[in-house]
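Mapping the sequence shown onto numbering that gives the first Met the number 0, position 186 (from 1) lands on 185, and the numbers just tick up by one. Glycine included, C-beta positions come from ideal geometry on N, C-alpha and C. A quick write-up on the structure given underneath.
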Amino acid sequence: MSLPDSLRRLGLGRLIYRVYHRPRSKIRDLVRAGGPLAMRRTEAGRLAMLAAASDLPTLPAAAEGVPPVELHLLTGQRFWYQTLFCLWTFARHAGRPVRPHLYDDGTLDEACLAPLRRHFPDLAVTTCRETLERLDRALPRDRFPHLRERWDNYPNIRKLIDVHLEREGWRLVIDSDMLFFRRPGFLLDWLAMPDRPLHGVDCTESYGYSRGLMERLAGTRLAPLVNVGLCGLRSDSIDWDRLERWTSSLVREERTNYYLEQALVAMLVAGHSCAVAPAGDYLTLPPRRECLAPRAVMHHYVDTAKRWYFTESWKIAIAPTAPGTR
């Protein structure tokens, strides 16, 4: 094929994407979100949640003499208020002091941290600068080019790298877009005596890569429905050279994918006995009925559940008569 033909083909492909695929994708997203009016309501709810984050009630005093539990979250300017709601609702029902450890996504500043520190004065923060120093020391670009490229361009992988690199012991990473409605006994029990990896259960298997490729690289069968919204790993057990090889192979053979981090964790825990969060209590993608009248311990508001998260669920979670407080 001549160069002009190739260029014409490339131009035609871009044109088709712009006039057909991109508009079609936007229409599909609009329909999934409930239509234009629902999208406006969702955005209004999000802004109300953002405003309410600076005025959350003081948490009840935790039991004295009880050691704090440590939770690890990646956050920044776009997500700090969701992080606060997640931690506040966890602490409200845990009855334990909570010591959050936050990892700066590069946008975290004091304006974001002040409301968090008001409720969690023992808050620890790893800044983006500190993480970059760790990266240059432990994952130099000449030895780990694929992990470093993904760190630069794919924020999700920072939940794995930033939290565990050059660390020891067990750490529980949770996503910010979660709310707790009852005592998180399963998580508290694991945090008290971690002895195996922990993960959540997805609503549908979302690894982004073929099972055949992932299992060939991992050398064993994968567990189904691994979700990393809840993810407990032992930092010093992670083989970063192996993660570099896996990342290189996955991207080379099947391109980059939004679910790469989840795929890598599924491969890390493959073949291990894991603590698996009970799916009915630690619910990924709760349906509307559950969002409006929560029975589960925790909701993870992925995909279309964001609509109810922003318009209804956060208000229910902080109400004086919230489920689990009656």
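Residues in the same chain with beta-carbon distance under 7 Å from residue i, minus the five sequence neighbours each way, listed in chain order, please.
i: Y206; result: M213, Y258, Q261, A262, A265
i: Q81; result: S175, D176
i: Y16; result: Note that Y16 scores 49 on pLDDT, short of 50, meaning its location in the model is unreliable; the coordinates nonetheless yield the value given after this. Contacts found: none.
i: G33; result: R306
i: L6; result: With a pLDDT of only 47 at L6, under the threshold of 50, the placement of this residue in the model should not be trusted; the figure read from the coordinates follows. Result list for L6: empty, nothing under 7 Å.
i: T310; result: R40, T41, G44
i: P223; result: E204
i: P154; result: D104
Judging by CA-CA distance, which residue of the options is the nearest neighbour of residue i?
i: T246; options: W150, A113, F179; result: W150
i: L327; options: V65, L49, F84, M48; result: There is no way to answer for residue 327, as the model of the chain reaches only from 0 to 325.
i: G279; options: D103, R181, A37; result: R181
i: H298; options: P139, Y281, V225; result: Y281
i: R251; options: G270, Y208, A62, R220; result: Y208
i: E289; options: T219, E165, I315, P144; result: I315
i: D188; options: E204, F309, L49, A93; result: A93
i: R254; options: E129, H145, T324; result: H145
i: A113; options: L134, D54, G64, V301; result: D54
i: S234; options: V268, L178, A110, L224; result: V268
i: R128; options: L221, A276, V301, D108; result: D108
i: L221; options: I237, E243, D240, G270; result: G270
With the cut-off set at 8 Å, would you say residue i and residue j are in Cβ contact?
i: L284; j: A304; result: yes
i: Q76; j: T106; result: yes
i: P322; j: P293; result: yes
i: L70; j: I160; result: no
i: F78; j: V97; result: no
i: A62; j: R116; result: no
i: F89; j: P193; result: no
i: V68; j: L190; result: yes
Here's a check: name, in chain order, each residue in its chain whose Cβ is nearer than 6 Å to the Cβ of residue i, leaving out the five neighbours to either side.
i: S248; result: L216
i: N256; result: G207
i: E165; result: R133, A137
Name the two residues that bound the continuous beta strand (DSSP E) containing residue i.
i: P99; result: 97-103
i: R170; result: 169-173
i: L70; result: 68-74
i: L178; result: 177-179
i: V124; result: 123-125
i: M297; result: 297-299
i: V200; result: 197-200
i: T283; result: 281-283
Would you kindly report the start and end of the unbroken alpha helix (DSSP H) that includes residue i?
i: H118; result: 109-118
i: N226; result: Segment 225-233 is the beta strand (DSSP E) holding N226; no alpha helix (DSSP H) there.
i: A51; result: 35-51
Validate contact between the region 189-198 and the region 228-239 using beta carbons, cut 8 Å, 3 pairs: Short answer: they touch.
Cβ contact check for the region 121-135 and the region 88-107: 3 or more pairs under 8 Å: Yes: at least three Cβ pairs fall under 8 Å.
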